[in-house]
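Just below is one structure, and these are the notes that go with it.
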Amino acid sequence: VVQLEYVGDLAPYDEEEAALAEAGAALKVVRAADGDALVEAAADADVIWVEWTPHLTRDVLERLPRLGLAIRWGVGYEQIDVAAATELGIAVANAPAYCTEDVAEHALAMLLAVSRQVVYRDRQGQQGLWRHGPARQKRLAGSTVGVVGLGRIGRHVARVATAFGATVLGYDPVVRSDDPAVRQVGFEELLAASDFVSVHVPLTPETHHLFDADSLSLMRPDAALVNTSRGGVVSQAALVEALDAGRIGAAALDVFEQEPLPAENPLRGRDNVILTPHEAANSPQSGRDLRRAVYGATVQWLRT
Ligand code: NAD
Numbered sequence: 186v187v188q189l190e191y192v193g194d195l196a197p198y199d200e201e202e203a204a205l206a207e208a209g210a211a212l213k214v215v216r217a218a219d220g221d222a223l224v225e226a227a228a229d230a231d232v233i234w235v236e237w238t239p240h241l242t243r244d245v246l247e248r249l250p251r252l253g254l255a256i257r258w259g260v261g262y263e264q265i266d267v268a269a270a271t272e273l274g275i276a277v278a279n280a281p282a283y284c285t286e287d288v289a290e291h292a293l294a295m296l297l298a299v300s301r302q303v304v305y306r307d308r309q310g311q312q313g314l315w316r317h318g319p320a321r322q323k324r325l326a327g328s329t330v331g332v333v334g335l336g337r338i339g340r341h342v343a344r345v346a347t348a349f350g351a352t353v354l355g356y357d358p359v360v361r362s363d364d365p366a367v368r369q370v371g372f373e374e375l376l377a378a379s380d381f382v383s384v385h386v387p388l389t390p391e392t393h394h395l396f397d398a399d400s401l402s403l404m405r406p407d408a409a410l411v412n413t414s415r416g417g418v419v420s421q422a423a424l425v426e427a428l429d430a431g432r433i434g435a436a437a438l439d440v441f442e443q444e445p446l447p448a449e450n451p452l453r454g455r456d457n458v459i460l461t462p463h464e465a466a467n468s469p470q471s472g473r474d475l476r477r478a479v480y481g482a483t484v485q486w487l488r489t
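Here the working numbering runs 185 ahead of the position in the sequence shown, where the first position is 1.
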């Protein structure tokens, strides 16, 4: 089993390591700068775990004839060319649910931070400023929260937002929500009616720049956009323009088109923008669940 560029905690996990050893496998951690380095380093791998890079493209997969299973160390699997893997007889897995609650809680934390101006007010509190600057706090109870993507995370966000007394609108072209508190509407209606829009869709060709100049212009000028899904779902250039022109009230982002977000990026330094560096999924609990999912899938595959 070859684990690629895992940047997290590399402490040995006795229980999981023992299960791998019992299944007759050993784990090798490799940092490969590109596809060629990966092919060289993982030539003898039956299983590869990939977090971010290098991507398991068709070209890379074709040059790994021994490979039987490719696992994304996380939720999204845009790092693996699934069609090519399928053609080559390589199984693909991910860990779709390891951080559902974490990301939903992070989205809600950002939503509350925006609605209560927590970060903006914290800066003042830290500097000893008292009742300084415009009060733009908003009450979540009675507000309308639009949830785009009613999958695992979106449904959890919807449930908690409802518990806060918000009206929840949902948009999802595939999934029908079974939550009677969620009114499912069209995308444009959701954008026009929501005080807060929280995004929970996968990054696909259809969702790339789902939030562009056109869709952002449908949002209310006092509305806030919360994105904890994937950076590519929101056009950052269009978002910056909308913020500059006052066509949108606030934004809270955990994910970016380019990660890490470049130092000179114009999203920085704004009182109405909160930025967290792709941390929504992280907690000791999610880390444990992720390891269990990846090791579990690997051991199961090795045994079949
Ligand atoms: P999920 O697959 O359970 O749900 C995604 C939902 O989006 C599905 O119901 C699907 O029908 C819907 N969808 C697809 N295309 C859509 C569109 N064009 N418009 C509206 N809805 C659409 O996924 P999930 O577990 O809820 O994860 C949601 C997102 O969160 C993914 O992008 C995932 O990559 C991201 N994520 C981010 C982090 C992080 O650290 N910030 C961690 C985990 C997951």
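Even glycine gets a Cβ: it sits at the ideal position worked out from N, Cα and C. Keep in mind the model is a prediction, meaning the values are calculated, not measured.
In this structure, residue 381 and residue 408 form a Cβ contact; the two beta carbons are roughly 7 Å apart against a cut-off of 8 Å. No heavy atom of ligand 1 is found nearer than 8 Å to the CB of residue 314. The residue from 221, 283, 304, 405 with its alpha-carbon nearest to that of residue 261 is 283.
Annotated three-state conformation of residue 446 is coil, per DSSP. Every beta strand (DSSP E) stretch that sits fully inside the segment 210 to 293 and reaches 3 residues is listed by chain position as 213 to 215, 232 to 235, 254 to 257, 276 to 278. Contact between residue 332 and residue 385 holds, with the beta-carbon distance rounding to 7 Å and staying under 8 Å.
Setting aside the 5 residues that flank it on each side, residue 456 is surrounded in the same chain by 305, each with a C-beta closer than 6 Å to its C-beta; the list follows chain order. Inclusion of residue 249 and residue 268 in the CB contact set at 9 Å is not warranted, their separation being larger than that value. As a beta-bridge residue in DSSP terms, residue 189 pairs with 215, 235. The three-state secondary structure of residue 356, taken from DSSP, is strand. With a threshold of 8 Å, the Cβ atom of residue 338 counts as near ligand 1, since some heavy atom of the ligand is closer than that. Between the segment 355 to 365 and the segment 308 to 316 there are fewer than three inter-stretch CB-CB distances shorter than 8 Å, so the stretches are not counted as touching. At least 9 Å separates the beta-carbon of residue 475 from that of residue 209.
The straight-line gap separating the alpha-carbon atoms of residue 417 and residue 391 is approximately 11 Å. Shortest gap from the CB of residue 372 to any heavy atom of ligand 1: under 8 Å.
Ligand 1 approaches residue 282 closely enough that one of its heavy atoms is under 8 Å from the residue's Cβ. The shortest C-alpha to C-alpha distance from residue 234 to any of 225, 252, 428 is the one to 252. In this structure, the straight-line span from the alpha carbon of residue 324 to that of residue 354 is close to 17 Å. One Cα belongs to residue 348, the other to residue 276, and the distance between them is close to 40 Å.
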